[in-house]
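From first to last, the protein sequence lines stand for chains A and B. Going by my numbering, the first sequence wraps up at 171, each residue one higher than the last. Going by my numbering, the second sequence wraps up at 1163, each residue one higher than the last. We treat Cβ as the ideally placed atom computed from N, Cα and C, and that holds for glycine.
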Amino acid sequence: MKIPKELRYTKDHEWVRVEGTVAVVGITDFAQLQLGDIVFVELPGEGAMVKAGESFTVIESVKAASDIYAPVSGKIVKVNAALADAPDLINQDPYGDGWLVAVELADGSEPDGLLDNDAYTRLAEEGQ
Amino acid sequence: MALKQTPLYGIHRRYGGRIVEFGGWSLPVQYTGIKEEHQAVRTKAGLFDVSHMGEIRVEGPDASAFLQKLVTNDVFQLEKNQVLYTPMCYEHGGTVDDLLVYKQREDSYLLVVNASNTEKDWDWLQGNVRGFAAKLTDVSGETAQLALQGPLAGRILSNLTDAPVGGLNYYRFMPEVAVADKKVLLSRTGYTGEYGFELYCRPDDAGDLWEAIMDAGQPLGLLPAGLGCRDTLRFEACFPLYGHELSADISPLEAGIGMFVKLDKGEFNGREALHKQKTNGLARRIAGFEMTGRGVARTGYPVWAEGECVGTVTTGSYAPSLDKNLGLALIRAERAGTGQRLDIEIRDKNVSAQVIAKPFYKREEK
């Protein structure tokens, strides 16, 4: 199970990569393993506002639909359109090609409050 | 309530199975992945632990007459070493369960019932047996069951037994054969829409039997297969799942399995109600549909047609063999014709769908 050092995490198994004022968001390797084969992603629209802790999209595996919660607040400025035809990118490359959305941060310091690699590793290991 | 474990629980853990709760049992939903396991069963073979299924023995001079009264299919047509698939109904036509009836002797049958219905079925059978010279025994605890399913199932099995498994016809069984030196009841049945077998054995033999089949099959592409793909496989073949397409509230006629209801066989539980349903025409039925808009239908989602709620999704899923999002729904009969347009309500939004023919998948007969 991969947990990259440079990312920030939530207890709900989303990750955040800060690039200037924008946070790229996805779900972790642990999350995609738990979900299993992903067959559908309900992509939000660009320009939509998201609020930390609230569901902003739904990922469907073969078995079930799962809410995905925004790790940070702000405006969605980009959506990974490739997921419409290839939702399994999330299984194959959860931290790369399987990213979900990019969020223009309402508060640039908000990601600092998320879990770091060590804290998330402990959480994921407990969850296994 | 503590979850029950099959004799293969340890093996599932060892094979990397992800264990979930199902009908009161701890069972693997998947090992390597639902899509991969699904594909293995369609193209090569998969091995399932279905030891959670319930088994009830019915014996005695009136065993045949008793079963004929209880189930909707015609038990009297059954030959020795033949299997019958049949619904079992309440007087009002709703379904108690759907089950397999194995005729072992003229006066002895084995019923294989859904795990989550075992207790209910037992009570129902006991409650109906008065007046019949028939004895019921719950043998679930002394019976384990494996399902070896897929086009290579016969080849794998023939490496482990001298029995002529290739000559065993659909819905026939061999009452006692040695497979990997274990005594099994071998039956040409399954719940996947593929060629395959189900093997009933003693719980103590289940682990060795599993390992022997895996050893023989792995070089040919056999994978251990979990409940996740068991559901997608049966769904594509449009086999009803109790609690979804069949229930106390859904009759076998509504479920579209009227061919297993023999209204002219004589008196049986539910006959009058089912006969009436058939004569008057069905008000609702299970229809298959394909999502034409973007979305995955799931059990319980409302179904709409021209602004009117016409029913509910009973099973919805991505269908791996067809690479489409499909569903089964219990809807008003006048909306169930092939080609009719529906809307599936997914998270407060209507997404378009269209009624298509069942089954979604049918294997090519060789």
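Which of helix, strand or coil does DSSP assign to residue i?
i: residue 88 of chain A; result: coil
i: residue 914 of chain B; result: helix
i: residue 866 of chain B; result: helix
i: residue 1111 of chain B; result: strand
i: residue 986 of chain B; result: coil
i: residue 127 of chain A; result: helix
i: residue 110 of chain A; result: strand
i: residue 1004 of chain B; result: helix
i: residue 1032 of chain B; result: helix
i: residue 158 of chain A; result: strand
i: residue 1021 of chain B; result: strand
i: residue 956 of chain B; result: coil
i: residue 840 of chain B; result: helix
i: residue 1093 of chain B; result: coil
i: residue 1142 of chain B; result: strand
i: residue 44 of chain A; result: coil
i: residue 1043 of chain B; result: strand
i: residue 973 of chain B; result: strand
CA-CA distance, residue i and residue j?
i: residue 1059 of chain B; j: residue 870 of chain B; result: 5 Å
i: residue 63 of chain A; j: residue 87 of chain A; result: 22 Å
i: residue 1049 of chain B; j: residue 1042 of chain B; result: 9 Å
i: residue 1011 of chain B; j: residue 938 of chain B; result: 24 Å
i: residue 977 of chain B; j: residue 164 of chain A; result: 44 Å
i: residue 860 of chain B; j: residue 1069 of chain B; result: 23 Å
i: residue 1072 of chain B; j: residue 1087 of chain B; result: 31 Å
i: residue 1027 of chain B; j: residue 152 of chain A; result: 47 Å
i: residue 827 of chain B; j: residue 805 of chain B; result: 14 Å
i: residue 106 of chain A; j: residue 1033 of chain B; result: 14 Å
i: residue 812 of chain B; j: residue 824 of chain B; result: 12 Å
i: residue 912 of chain B; j: residue 929 of chain B; result: 26 Å
i: residue 856 of chain B; j: residue 897 of chain B; result: 16 Å
i: residue 1013 of chain B; j: residue 957 of chain B; result: 8 Å
i: residue 981 of chain B; j: residue 1038 of chain B; result: 26 Å
i: residue 53 of chain A; j: residue 155 of chain A; result: 11 Å
i: residue 989 of chain B; j: residue 952 of chain B; result: 18 Å
i: residue 892 of chain B; j: residue 1149 of chain B; result: 31 Å
i: residue 136 of chain A; j: residue 75 of chain A; result: 9 Å
i: residue 1052 of chain B; j: residue 57 of chain A; result: 41 Å
i: residue 1123 of chain B; j: residue 1155 of chain B; result: 11 Å
i: residue 1126 of chain B; j: residue 1112 of chain B; result: 7 Å
Check the Cβ of residue i against every Cβ in chain B and list those closer than 9 Å, keeping chain order.
i: residue 125 of chain A; result: The premise fails here: residue 125 of chain A is roughly 15 Å from chain B at the closest Cβ pair, so nothing lies under 9 Å.
Which partner residues does residue i have in the DSSP bridge list?
i: residue 942 of chain B; result: B/997
i: residue 816 of chain B; result: B/825
i: residue 1106 of chain B; result: B/1101
i: residue 884 of chain B; result: B/895
i: residue 1122 of chain B; result: B/1115
i: residue 852 of chain B; result: B/909
i: residue 1085 of chain B; result: B/1125 and B/1153
i: residue 934 of chain B; result: B/854
i: residue 58 of chain A; result: A/52 and A/69
i: residue 63 of chain A; result: Note: residue 63 of chain A sits in no beta bridge, so no partner.
i: residue 98 of chain A; result: A/112
Applying the criterion that 16 or more other CB atoms from any shown protein chain within 10 Å of the CB defines a buried residue, is residue i buried or exposed?
i: residue 923 of chain B; result: exposed
i: residue 1135 of chain B; result: exposed
i: residue 997 of chain B; result: buried
i: residue 44 of chain A; result: exposed
i: residue 858 of chain B; result: exposed
i: residue 1076 of chain B; result: exposed
i: residue 946 of chain B; result: buried
i: residue 167 of chain A; result: buried
i: residue 114 of chain A; result: buried
i: residue 841 of chain B; result: buried
i: residue 1029 of chain B; result: buried
i: residue 1020 of chain B; result: buried
i: residue 814 of chain B; result: buried
i: residue 966 of chain B; result: exposed
i: residue 1081 of chain B; result: buried
i: residue 971 of chain B; result: buried
i: residue 985 of chain B; result: buried
i: residue 961 of chain B; result: exposed
i: residue 1002 of chain B; result: buried
i: residue 885 of chain B; result: buried
Could you work out which residues of chain A lie near residue i, taking near to mean beta carbons separated by less than 7 Å?
i: residue 1114 of chain B; result: 105
i: residue 832 of chain B; result: 80 and 105
i: residue 1029 of chain B; result: 105
i: residue 827 of chain B; result: 79
List the residues of chain A whose Cβ lies closer than 8 Å to the Cβ of residue i, in chain order.
i: residue 1025 of chain B; result: 79, 105 and 106
Could you work out which residues of chain A lie near residue i, taking near to mean beta carbons separated by less than 9 Å?
i: residue 1144 of chain B; result: 85, 101 and 108
Kindly list, in the order they appear in chain B, the residues whose Cβ is closer than 7 Å to that of residue i.
i: residue 82 of chain A; result: 1093 and 1115
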